[in-house]
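In full-length UniProt numbering, the protein residues as written are 1 to 271. The beta-carbon is built from N, C-alpha and C at its ideal position, and this holds for glycine as well. Quantities reported herein were computed from a predicted structural model and do not represent experimental measurements. One structure is given below, encoded as structure tokens.
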Amino acid sequence: MLEARELHCERDERTLFRGLSFTVDAGEWVQVTGGNGAGKTTLLRLLTGLARPDGGEVYWQGKPLRHVRDSFHQSLLWLGHQPGIKTRLTARENLHFFHPGDGARLPEALLASLLALERLFRDDVHDGSLEQLMLLPVPLPAVVLAKVLAHWTVTGLPLIILSPLVALLLGMDVYGWKIMALTLLLGTPALGFLAAPGVGLTAGLRRGGVLLGILVLPLAIPVLIFATAAMDAASMHLPVDGYLAVLGALLAGSATLSPFATAAALRISVQ
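The following block contains the structure:
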């Protein structure tokens, strides 16, 4: 049974419908008619779980649709079109409206892993430890690799461990949680490796935070784009293999090249 209770929806500063309630039982069908802009497609998107109402709730078999989207979508056949950008919302608000708790918040979780990177090598440069490490028989790129991985275990790994709790609080299904955990597993170390050369270049500066942001953020954008796209696709149960493959390639490439680039940057900082 599909049920709508007190649905309320607004688009571009006008109310499409308010207090809309109905029930569709097995064997019944409903035809929705109305003029252009009346809210027909919007209502269908709400009933299929592809959008969220401004008020009210959609229920499937007596349970809120947002909690059982996985089982509901297995019984759903949907043909439709994507809506346009809502002009009354900002870019961030558009993301949060269509996918609250999914791809819209993933960039924030990924960028959180970058917050402590500024001090990754700074203390080693200032107290002379880095020069001592350079004198060891161990190659400097190997030292860089170890420090980046150690940083990831402190900043990135906790995000992955806490992801089931986050998914539960945000009302995500099991499939969405698995994809979120995979994107974090691939994205957080990739961001660390991509940012490491910039951290090495600014390690000898007293206030290199602004410069570090200028160097690191352009490199982080591809990871954020493909991670968010994977979560958006997962929320609609579309294939995500391509997005995860790109994230894996970014991780493999950055893990291979970044230690050597970072080692060269650290030698410049020491000199």
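When rounded, the separation of the alpha-carbon atoms in Ile-160 and Thr-153 is 10 Å. The straight-line gap separating the alpha-carbon atoms of Ile-268 and Leu-250 is approximately 26 Å.
Beta-carbon to beta-carbon, Gly-198 and Leu-212 are separated by about 5 Å, close enough to satisfy the 8 Å threshold. Straight-line measurement puts the Cα of Gly-128 at about 42 Å from the Cα of Ile-179. Positions of the alpha helix (DSSP H) runs, each at least 4 residues long and wholly inside the stretch 133–198, are given as 140–155, 157–169 in order along the chain. Per the coordinates, the alpha-carbon of Ala-229 lies some 7 Å from the alpha-carbon of Tyr-243. Note on geometry: alpha-carbon atoms of Leu-184 and Glu-28 lie some 43 Å from one another. Across the structure, Ala-196 and Gly-156 are spaced so that their CA atoms are roughly 15 Å apart. Tyr-59 is bridged by DSSP to Glu-3, Pro-64. With a cut-off of 8 Å on Cβ pairs, the stretch 70–78 is not in contact with the stretch 29–40, counting fewer than three such pairs. Contact annotation: Leu-46 and Leu-2 have beta-carbon atoms that are not nearer than 8 Å. A straight-line Cα-Cα distance of about 6 Å links Thr-23 and Ala-4. A buried status is given to Leu-43, since no fewer than 16 other beta-carbon atoms sit within 10 Å of its beta-carbon. Checking the DSSP bridge columns, you'll see Phe-22 partnered with Ala-4.
Only exposed fits Lys-63, as fewer than 16 other CB atoms lie within 10 angstroms of its CB.
If the five residues before and after Val-125 are omitted, its C-beta is found closer than 7 Å to the C-beta atoms of Ala-203, Gly-204, Ser-269, Val-270, all from its own chain and listed in chain order. An exposed status is given to Gly-19, since fewer than 16 other beta-carbon atoms sit within 10 Å of its beta-carbon. Exposure of Glu-13 is indicated by the presence of fewer than 16 other C-beta atoms within 10 angstroms of its C-beta. Within the DSSP secondary-structure output, Arg-14 pairs in a beta bridge with Arg-11. Nearest to Phe-260 by alpha-carbon distance, out of Leu-165, Leu-140, His-237, Ala-227, is Leu-140.
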